[in-house]
Structure formats: structure tokens, C-alpha cells
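Only one structure is covered here, and it is reproduced in the block below.
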Amino acid sequence: MLFRVRSWIKYFMQLSQMMDSKPVMFPALFLVWLTFVNGSPASLEVGKLTKATNVSWSSYNFKTILSWGPKPVNYTYTVEFSRAGKDKQRNPHCIRSTETECDLTNELDVKGVYSAEVLSESLHGTSDYVEPPFTRSKKFCPYNDTLIGRPEFNFKGNKKIVLIIHDPITALHKDGRSLNIRDVFKKNLKYKIAYNKAGSTGKKMLIVDESKAEFNDLNKDQSYCFSVAAYIPSRKGDNRVGEWSLPKCSPQVQNTVFED
């Protein structure tokens, strides 16, 4: 590239001398050439491009964002992502962008394993034979890595405590409706329930397969406090358990007159 620029400079110098023009002729011709070739003299400032840092995935209930830094100055970012063994793809909203995040929620298959690259590019494009600097992310799989948000639940029943758990809604859609985590994980979804007597610090743990739990052996005249979290046993490590719900305590079950 440098050799070609020097050759053009030499050519314009000779042309300027042949035309017996003023010294300003050469700079003017040179700028015209730069504009013709690359759109702007600024496009040669490849050395000022900064590689993206801290490229990371964040995903909550399958709402998946790729983020990085720093904020670009006089250059842009382009995101390329690919599934293992597949060709690279681009999201049209994340091409030559000055943003530092890219929403890939609707681009990823739930069980696919992906990696992404964030390319730093000049505002006026880069040469076909000069690879822009880039930073690659770690691998990411929505099914295994998205954080499951805290579920809501309520109590039902008079004689015994029954928990009705509401499966968290995801950012995924199918046939015009939002999917919940039961739609995605199906039988692989379980719930962990931590509970204790109100005012006590000792907790017990229960794992249930459904979005409902019945407690038949609790003291009727005692209030109990519960917390619930989604549990995916097929996952690894801390990813198995989602966010814990805020604790909620049951009302005390009052005996009827006949029972007294």
C-alpha cells in the first residue's frame, strides 16, 4: 500500500512540473486521487483503529446481547457471528455501527453454539486486502447459558399449602405468541423450592418436576416462607439454577369451628 502511494505521489509531482503549475496543484491532485480511491483521506488512518475489548455475551430469559468497548471515535464496528461449522453471518443493524452492543436474540437457534467477532472499521471502509482488526468472543449457547429470571408464584388451598408457579416468559416467539421457559425446556425444567417456618433460619429444599408443589406435612397453624428458582439439571455448574424469587410467606391456616 505504501509503495503504491509513493508511486502516485511521484506521478503527480512529475505531472505538476510538466504543467508548470503552482505548488498548490500537487496537494489538490493528491486529494482528488484519495477521494477517488478511498472516499476520503481519513480512510488511510488504519493505524488509529482500536480493537474491541471486553467482548462478552449477556442473556436473560433468551434476550441475548453481545457487548464490547470502547466507544468508537472516527471509526465503526461490525459484528460477525457464526454457529460451529457454519458460515459467518451479519445482523444488518450491527454493520458499521457506532454502538457498542448488538441484539442477536432473533438470530440464534436455541441449542446452537456460537462465537462472534467484532471488527473495527474505518468510517470510509477498508481495503479489500487489509483485514480490519477484530476481537473474538467466547463460545455461547442460549439453551445452556441464558440466565433464567426469577419466577412468580402464589398460594392456593385451605387445608394444605399449594404453590402455583408461573413459568417466566422468554424473549422468544412462535406462531405469534411469546414462549415461556416450559415451552423451551419442556421436561428438562424443574423447580427448586427453599422453605422454612416464618421467623426461623433453618431451610429445607424440595425439587419438583411441575409448576405446582403441594405440602401436606406442614403445621397448619404455622406460616411458612418460600423462595423458588428454575432448575435445569442438564446444565453445568452455576448455570443449573436460575434467579431465586423474592421470599413470600403463606398465611396461617385457621381451623374451622368444627375442627376446634
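For reference, each letter of the sequence shown is one residue, going 1 to 260 in UniProt numbering. Ideal placement from N, C-alpha and C gives every residue a C-beta, glycine not left out.
- In terms of residues, what are the limits of the beta strand (DSSP E) holding N196? Here the beta strand (DSSP E) through N196 covers K190 to K197.
- Task: Would you mind reading off the limits of the alpha helix (DSSP H) that contains D183?
- Result: For D183, the enclosing alpha helix (DSSP H) has its first and last residue at I181 to F185.
- Return the CA-CA distance between L218 and L163, expressed in angstroms with no decimal places. Using only the alpha carbons, I get a separation of about 13 Å.
- With distances taken from CA atoms, which of F153, C225 and S56 is nearest E117? When only C-alpha atoms are compared, the closest one is S56.
- Leaving out five residues on either side along the sequence, give the residues of the same chain with a beta carbon under 8 Å from the beta carbon of G48. Reading off the sequence shown, one finds Lys at residue 48, where the question assumed Gly. Excluding sequence neighbours, K48 sits near N74 and Y75.
- Opposing strand residues paired with L206 [DSSP bridges]: Beta-bridge pairing links L206 to I193.
- Query: Taking only runs of the beta strand (DSSP E) that begin and end inside the stretch 114 to 162, which ones reach a length of at least 3 residues, in chain order?
  - Reply: Annotation: the stretch 114 to 162 contains the following complete segments of the beta strand (DSSP E) (minimum length 3 residues), in chain order: 114 to 122, 134 to 136 and 152 to 156.
- Query: Applying the criterion that 16 or more other CB atoms from any shown protein chain within 10 Å of the CB defines a buried residue, is S122 buried or exposed?
  - Reply: By the neighbour-count definition (other C-beta atoms within 10 Å, threshold 16), S122 is a buried residue.
- Message: Tell me the residue span of the beta strand (DSSP E) that contains C225.
- Response: C225 -> beta strand (DSSP E) spans Y224 to Y231.
- Taking 7 Å as the cut-off, decide whether the C-beta atoms of S250 and F155 are in contact. Result yes, Cβ atoms of S250 and F155 sit closer than 7 Å.
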